[in-house]
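Colleague: Once you've had a glance at the structure underneath, I'll fire off some questions.
Residue numbers (our numbering), protein chains in the order written: chain A, 26 to 199; chain B, 356 to 540.
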């Protein structure tokens, strides 16, 4: 009966449907859509308030999104734990610095991959807050509420991603 | 009403956030979308796992949230957007999506499955969000409100009843997913 928990992977449709049901529960019990990127902005604010003496809480952006641990921050923490449980149960947990696809093209050096990941992360954090959401906040939660901005954001996420991925690895169709 | 009390109970909400996060991370990992190769495969159009997960989540989520909203059980949380915010930000996000190979949610899941580059990516995302916060007042004055979209939701935009739009979008998504299977994508 519990075999499904130890399987390495599930059908993307089962997983997607599960996330859909999860979104019902977050709306119902927490009055929140699923989303992740605001938690990173709050974290940036918390780090800044430790590092600098200035009152970070007075910055206009942090007045909108107070730098504190709240529902979504706990959600992102939970994602780390949930993914660990899943990987551990299926025996696929392993520490890895360089993903195989990246290593095939750019070598197994961790320093290069970490530098690239840092740059990619900065772009992503900037873009997510600029657009007001990420692949979960806009891409799933906003689109399922039929938000115009979220559908346009999701298209732009993939348009920008397809373009830059093609620039990195070559366009498969060409 | 008990639901109202639960929603305003800060401590209970921290616990619920964690529980929902554990379920979300578990699902993302089981779906394989916490892997760099799967996300890049989507952006290189060789692996459609990410789009399948997202479309299935949208169709299931959309119908349930619509019905609960109509029954007065949940309220919606949509915001307006603009070319200056949504399109420019979305394209910057897309570039980061390809370079990092994870998104803010799946990076956390990838880190939980042992990907150390995803942890570096998470630090990057927080730095990027911090940069945005710093420049927010200037950006808000200049680009963010440029070209505001005429409506907040698709039903308002097309002038149709929400239930009708839900039905149309659900049918379109199911046709798309069905064609993926027929074409072997």
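Don't be surprised by glycine CBs; every beta carbon is placed ideally from N, CA and C. Bear in mind the structure is a predicted one, so any value in this text is a computation, not a measurement.
(1) Taking 9 Å as the threshold (beta carbon to beta carbon), is residue 73 of chain A in contact with chain B?
(2) Against chain B, does residue 91 of chain A count as a neighbour if the rule is that its beta carbon must be under 9 Å from one of theirs?
(3) Mind listing which residues of the segment 514-540 of chain B have their C-beta closer than 8 Å to chain A's C-betas, in chain order?
(4) Bridge partners of residue 28 of chain A, per DSSP?
(5) Sort out for me which residues DSSP pairs residue 233 of chain A with in a bridge.
(6) Determine the DSSP secondary structure at residue 365 of chain B, reduced to helix, strand or coil.
(7) Less than 9 Å separating the beta-carbons of residue 41 of chain A and residue 410 of chain B?
(8) At the 9 Å Cβ level, is residue 77 of chain A part of the contact set with chain B, yes or no?
(9) List, in order along the chain, the chain A residues whose C-beta lies closer than 9 Å to that of residue 434 of chain B?
(10) Could you run through the segment 140-153 of chain A and flag, in chain order, every residue whose CB is less than 8 Å away from some CB of chain B?
(11) Output needed in chain order: residues of the segment 389-401 of chain B with a Cβ under 9 Å from some Cβ in chain A.
(12) Answer with yes or no whether the minimum CB distance from residue 183 of chain A to chain B is below 9 Å.
(13) Buried or exposed for residue 465 of chain B, going by 16 or more other Cβ atoms inside 10 Å?
(14) Determine the chain A residues that contact residue 404 of chain B at a beta-carbon separation under 7 Å, and present them in chain order.
(15) Does the beta-carbon distance from residue 481 of chain B to residue 150 of chain A come in below 9 Å?
(16) Tell me the DSSP secondary structure of residue 133 of chain A in three-state form.
(17) When DSSP labels each residue in this structure, what does residue 74 of chain A get in the three-state scheme?
(18) Helix, strand or coil: how does DSSP classify residue 95 of chain A here?
(19) Kindly identify the DSSP beta-bridge partner or partners of residue 172 of chain A.
(20) Using the rule of at least 16 other Cβ atoms within 10 Å of the residue's Cβ for burial, across every protein chain shown, is residue 468 of chain B buried or exposed?
(21) Closer than 9 Å, CB to CB, is residue 118 of chain A near chain B or not?
(22) When burial is assigned at 16 or more other CB atoms within 10 Å of the CB, is residue 536 of chain B buried or exposed?
(23) Buried or exposed: where does residue 30 of chain A fall if 16 or more other Cβ atoms within 10 Å of its Cβ makes it buried?
Modeller: If we stick to the structure as given:
(1) Taking a beta-carbon distance threshold of 9 Å, residue 73 of chain A counts as an interface residue toward chain B.
(2) By the rule that beta-carbons nearer than 9 Å mark a contact, residue 91 of chain A does not touch chain B.
(3) Listed by position along the chain: 517, 520, 521, 524, 532.
(4) The bridge partners DSSP lists for residue 28 of chain A come to none.
(5) The question about residue 233 of chain A has no answer, for chain A in this structure spans 26 to 199.
(6) Helix, per DSSP.
(7) Less than 9 Å divides the Cβ of residue 41 of chain A from the Cβ of residue 410 of chain B.
(8) No, residue 77 of chain A does not count as interfacial toward chain B.
(9) Neighbours of residue 434 of chain B across chain A, judged by C-beta separation under 9 Å: 157, 158, 167, 172, 174, 175.
(10) Correct list: 141, 142, 143, 144, 145, 146, 147, 148, 149, 150, 151, 152, 153.
(11) Here the close residues are 389, 390, 391, 392, 394, 395, 396, 397, 398, 399, 400, 401.
(12) Residue 183 of chain A counts as touching chain B.
(13) Its Cβ being crowded by 16 or more others within 10 Å, residue 465 of chain B is buried.
(14) Here the neighbours are 37.
(15) Contact annotation: residue 481 of chain B and residue 150 of chain A have beta-carbon atoms nearer than 9 Å.
(16) Three-state DSSP puts residue 133 of chain A in coil, outside helix and strand.
(17) Assigned with DSSP and collapsed to three states, residue 74 of chain A falls in helix.
(18) In the structure shown, residue 95 of chain A falls within a coil segment according to DSSP collapsed to helix, strand and coil.
(19) Note: residue 172 of chain A sits in a beta bridge opposite B:508.
(20) By the neighbour-count rule (16 or more Cβ atoms within 10 Å), residue 468 of chain B is buried.
(21) True, the Cβ-Cβ gap to chain B drops below 9 Å.
(22) Answer is exposed; the Cβ neighbour count stays below 16.
(23) With fewer than 16 other Cβ atoms within 10 Å, it is exposed.
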